[in-house]
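Enquirer: Residue numbers for the sequence shown, in numbering that gives the first Met the number 0: 0 to 108.
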Amino acid sequence: MKAYSFASAALLSASLASAPSAMAQSAETQTVAVSYADLDLSTEEGVQRFDQRIDRAAREVCRYDEPVTGSRIRSAEAHECYTEARSRIARQQARLVERARARTIALNR
């Protein structure tokens with residue numbers, strides 16, 4: 000099995016490793032950049048669009064939507080990779096949104 004990582008442009012300086020058990024099995028890493036430069040993260044719409052981009056990237060990197068051969072069910076590895084990638088990126092995504100909203104509040108004062 001391949002190990003995957005997930006990163007966002009200007010969001011992460013290092014890639015995020017997916018499932019630890021997967022990393023032990025392979026040294027291959029894949030990185031996907033997710034840009035948010037065109038989004039206003041101080042608005043709900045901007046945050047939703049950013050989240051959609053992150054979700055698409057995590058699905059792509061982890062091959063989440065590719066079913067196991069001969070089945071319509073996704074692999075346990077893909078599910079674990081996707082869950083781990085989303086979990087690890089969540090804190091950094093929240094910090095970016097918080098910073099964007101804090102700047103907006105400061106500018107409005």
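Yeah, the Cβ is synthetic: ideal placement off N, Cα and C, and Gly gets one too.
Since we're looking at a predicted model, the values are computed, not measured.
V31 and E59 look like a contact to me (Cβ under 8 angstroms); what is the Cβ gap, rounded to whole Å?
Expert: Residue mapping note: residue 31 aligns to position 32 of the sequence shown, counting from 1. Residue mapping note: residue 59 aligns to position 60 of the sequence shown, counting from 1. Between V31 and E59 the beta-carbon gap is near 6 angstroms, inside 8 angstroms, which marks them as a contact.
Enquirer: What's the call for I88, buried or exposed, on a 16-neighbour Cβ count within 10 Å?
Expert: To locate residue 88, count along the sequence shown from 1; it is residue 89. I88 comes out buried.
Enquirer: Hey, quick one: how far does the alpha helix (DSSP H) through G45 stretch, first residue to last?
Expert: Here residue 45 refers to the residue found at position 46 when the sequence shown is read from its first residue. E43 to C61 is the extent of the alpha helix (DSSP H) around G45.
Enquirer: Nearest to A93 by CA position, among A36, V46, D37 and T28, is which residue?
Expert: Locating residue 93 in the sequence shown gives position 94, counting from the first residue. Ranking A36, V46, D37 and T28 by Cα distance to A93 puts V46 first.
Enquirer: Please classify R85 as buried or exposed, where buried requires at least 16 neighbouring CB atoms within 10 angstroms.
Expert: Within the sequence shown, the letter at position 86 stands for residue 85. That one is buried.
Enquirer: Starting from the Cα of A36, find the closest Cα among H78, A56 and F49 and give me that residue.
Expert: Indexing the sequence shown from 1 puts residue 36 at position 37. Answer by Cα proximity: F49.
Enquirer: Below 8 angstroms on the Cβ atoms is my guess for A57 versus Y63; work out the distance and round it to an integer in Å.
Expert: Position 58 of the sequence shown holds residue 57. Position 64 of the sequence shown holds residue 63. Their Cβ separation, rounded to whole angstroms, is 7 angstroms, which keeps A57 and Y63 in contact under 8 angstroms.
Enquirer: Please report the distance separating the alpha-carbon of Y81 from that of T68.
Expert: Here residue 81 corresponds to residue number 82 of the sequence shown, with the count starting at 1. Here residue 68 corresponds to residue number 69 of the sequence shown, with the count starting at 1. For Y81 and T68, the distance between alpha carbons rounds to 19 angstroms.
Enquirer: What separation, rounded to the nearest whole angstrom, lies between the Cα atoms of C61 and S74?
Expert: Along the sequence shown, one-based indexing puts residue 61 at 62. Along the sequence shown, one-based indexing puts residue 74 at 75. One C-alpha to the other measures close to 10 angstroms.
Enquirer: I need the DSSP call for R71, collapsed to helix, strand or coil.
Expert: Sequence index remark: in the sequence shown, residue 71 carries index 72 (1-based). Correct three-state label for R71: coil.
Enquirer: Taking the straight line between their C-alpha atoms, what separation do you get for E83 and R98?
Expert: In the sequence shown, the residue the question calls residue 83 occupies position 84. In the sequence shown, the residue the question calls residue 98 occupies position 99. Between E83 and R98, the C-alpha separation is close to 24 angstroms.
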